[in-house]
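Numbering that gives the first Met the number 0 puts the first residue of the sequence shown at 0, with every later residue one more than the last.
Every residue gets a Cβ at the ideal spot worked out from N, C-alpha and C, and that includes glycine.
Working notes, structure below.
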Amino acid sequence: MAPKLPPLGFVRSVLKSFMAESGLEPRLLGANQIRITNAVRGKVDFELDITKDHTNRLKILHGGTIASMVDLGGSLAVASTGLYATGVSTDLNVTYLSGGGKVGDKITATAVCDKIGKTLAYTSVTFRNSKGELAARGSHTKYVTQAVKAQESPFVVPEGAEIANEN
Numbered sequence: 000m001a002p003k004l005p006p007l008g009f010v011r012s013v014l015k016s017f018m019a020e021s022g023l024e025p026r027l028l029g030a031n032q033i034r035i036t037n038a039v040r041g042k043v044d045f046e047l048d049i050t051k052d053h054t055n056r057l058k059i060l061h062g063g064t065i066a067s068m069v070d071l072g073g074s075l076a077v078a079s080t081g082l083y084a085t086g087v088s089t090d091l092n093v094t095y096l097s098g099g100g101k102v103g104d105k106i107t108a109t110a111v112c113d114k115i116g117k118t119l120a121y122t123s124v125t126f127r128n129s130k131g132e133l134a135a136r137g138s139h140t141k142y143v144t145q146a147v148k149a150q151e152s153p154f155v156v157p158e159g160a161e162i163a164n165e166n
């Protein structure tokens, strides 16, 4: 059996799996552009270097990029509770409050797993632009029944899954 990982290493391993197995995240967010800066049980901090691929025709961060980061952030928040499989989305909401930034800026996010049960997980994600202003907030509800059943031990990656470097 694989070793039990600390939350930061575990969540980075889940992100590595998203980047290897998913279609959207590696294309939109890029493996080297999004970084998990901290993770503890129930909370993940991450950041994205904004490139042209993340912007709209006004040359500012596209709302769809933020919505995708709410989706991914909610999944990472669920992972920070010890689940490698993070369920499927049932609801996602985003409120845009101020500009997220432009090419060359960095947007930071904090994703929290507000509550997780046997069926549903409720997460919230807040975003701050490079000026420190609250740029957006989102919520993401996930159906986690199969994910909860599949996880034999918290913070242990499945056999054959790649473990991310914690640095």
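Ordered along the chain, which non-local residues of its own chain (more than five positions away) have a Cβ less than 8 Å from that of residue i?
i, result
"A163", "G8, R11, S12, L14, K15"
Is residue i near the ligand HEM, in the sense that its beta carbon is under 7 Å from a heavy atom of that ligand?
i, result
"V39", "As far as ligands go, the structure on display features none, and thus does not contain the ligand HEM."
Using the rule of at least 16 other Cβ atoms within 10 Å of the residue's Cβ for burial, across every protein chain shown, is residue i buried or exposed?
i, result
"S74", "buried"
"R26", "exposed"
"P6", "buried"
"G86", "buried"
"R56", "exposed"
"A19", "exposed"
"N128", "buried"
"G131", "exposed"
"G99", "buried"
Could you say which of the options lies nearest to residue i if we only look at CA atoms?
i, options, result
"S88", "A160, Q145, V156", "Q145"
"Q32", "K148, H53, Y142, I115", "H53"
"T140", "Y121, R34, G99, G62", "Y121"
"L23", "K51, K3, D70, R34", "D70"
"F17", "G62, I59, M68", "M68"
"A38", "K101, E151, A76", "A76"
Between which residues of its own chain and residue i is the CB-CB distance below 7 Å, once the five residues before and five after are set aside?
i, result
"T80", "R40, G41, C112, I115"
"T64", "L27, H53"
"P157", "Y83"
"D48", "Q32, K105"
Margin query: Restricting to runs no shorter than 3 residues, where is the beta strand (DSSP E) found entirely within the segment 4-44?
Written below: 33-39
Notebook entry, point to check: If you scan the segment 67-150 from start to end, which runs of the alpha helix (DSSP H) of 4 or more residues do you find wholly inside it?
Noted result: 144-149
Note to self: Counting beta carbon pairs with one atom in the segment 133-145 and one in the segment 93-104, are three or more of them shorter than 8 Å?
What the structure shows: yes
Note to self: Would the segment 104-117 count as touching the segment 35-43 if we require 3 or more Cβ pairs under 8 Å?
What the structure shows: yes
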